[in-house]
Amino acid sequence: MSTATLDMPTKPKTRTDQTPAGRAVPGERVARDRLVFTGFMGSGKTSVGSLVADRLGWHFLDLDHEIEARHHRTVPQIFAESGEAHFRHLESATLASLLGQRHVVLALGGGAPEELGNRLLLEQTPHTAVVYLSAPFATLLDRCNQQAIDPAATARPNLADLTAAERRFHLRRTHYERIAAHTIDTSSLSLEQTADAVLELLRSVAQ
Ligand code: S3P
Numbered sequence: 000m001s002t003a004t005l006d007m008p009t010k011p012k013t014r015t016d017q018t019p020a021g022r023a024v025p026g027e028r029v030a031r032d033r034l035v036f037t038g039f040m041g042s043g044k045t046s047v048g049s050l051v052a053d054r055l056g057w058h059f060l061d062l063d064h065e066i067e068a069r070h071h072r073t074v075p076q077i078f079a080e081s082g083e084a085h086f087r088h089l090e091s092a093t094l095a096s097l098l099g100q101r102h103v104v105l106a107l108g109g110g111a112p113e114e115l116g117n118r119l120l121l122e123q124t125p126h127t128a129v130v131y132l133s134a135p136f137a138t139l140l141d142r143c144n145q146q147a148i149d150p151a152a153t154a155r156p157n158l159a160d161l162t163a164a165e166r167r168f169h170l171r172r173t174h175y176e177r178i179a180a181h182t183i184d185t186s187s188l189s190l191e192q193t194a195d196a197v198l199e200l201l202r203s204v205a206q
């Protein structure tokens with residue numbers, strides 16, 4: 000399988016890049032080796048990440064799926080049997096082990112950037128660009144409810160209490176923005192359109 004090269008300059012300069020004005024992107028935060036999707040539950044990290052990986056000819060990894068495969072339990076089982084703190088511990092260890100791979104697109108779980116260690120690791124891993132898929136809370140909730148209709152969908156324990164979920168959404172936004180080299184507003188985009196926007200963004204910053 001051929002792999003595309005994403006040799007990007009240090010500073011994004013396109014109209015699709017919504018990095019807060021004036022914030023320089025450190026030189027190593029370019030997607031030569033890894034592209035990481037972050038955002039709240041329902042933002043499309045897994046679906047868009049897998050579309051983008053296909054188009055780049057890169058390998059796709061989903062952090063939740065990796066945790067489940069390694070520990071032989073679903074995410075809801077880990078939450079129910081061992082608690083969220085234990086899940087976060089497994090999540091951090093799994094993330095650290097995956098970031099060594101090259102030419103991968105990685106979809107994080109929505110809560111991964113809550114951990115300072117995970118944020119530092121993402122910021123300090125060379126040749127790695129984080130893309131934040133953003134949308135308003137109501138839009139994300141609608142999407143999660145749509146996904147939950149599918150009997151094969153994995154439940155999201157942190158959506159059980161909607162007030163707490165909205166609080167987390169507001170707390171996490173700063174983290175998503177800070178670790179991301181690029182932000183894409185997905186509110187009015189389909190998954191395909193979001194994948195197109197990501198690829199267009201990567202192409203334009205590579206010029
Ligand atoms: C979580 C998000 C989930 C999963 C777990 C916790 C969260 O991933 O990691 O249920 O706290 O936001 P998705 O964002 O892929 O749903």
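In numbering that gives the first Met the number 0, the protein residues as written are 0 to 206.
We put the CB at the ideal spot given by N, CA and C, even for glycine.
Any chance the CB of residue i is under 7 Å from a heavy atom of ligand 1?
i	result
residue 45	yes
residue 48	no
residue 135	no
residue 155	yes
residue 116	no
residue 74	yes
residue 149	no
residue 110	yes
residue 160	no
residue 141	no
residue 32	no
residue 195	no
Who are residue i's beta bridge partners in DSSP?
i	result
residue 94	Its beta-bridge partners do not exist; DSSP assigns none.
residue 148	In the DSSP output, where bridge partners are listed per residue, residue 148 has none listed.
residue 128	34
residue 106	36 and 61
Tell me which residue opens and which closes the alpha helix (DSSP H) that residue i is part of.
i	result
residue 168	161 to 178
residue 59	Where residue 59 is concerned, there is no enclosing alpha helix (DSSP H), although the beta strand (DSSP E) it sits in stretches over 58 to 61.
residue 78	74 to 81
Whose C-alpha, out of the options, is nearest the C-alpha of residue i?
i	options	result
residue 48	160, 103 and 142	103
residue 32	74, 63 and 98	98
Are the CB atoms of residue j and residue i within a distance shorter than 8 Å?
i	j	result
residue 41	residue 139	yes
residue 134	residue 185	yes
residue 171	residue 90	no
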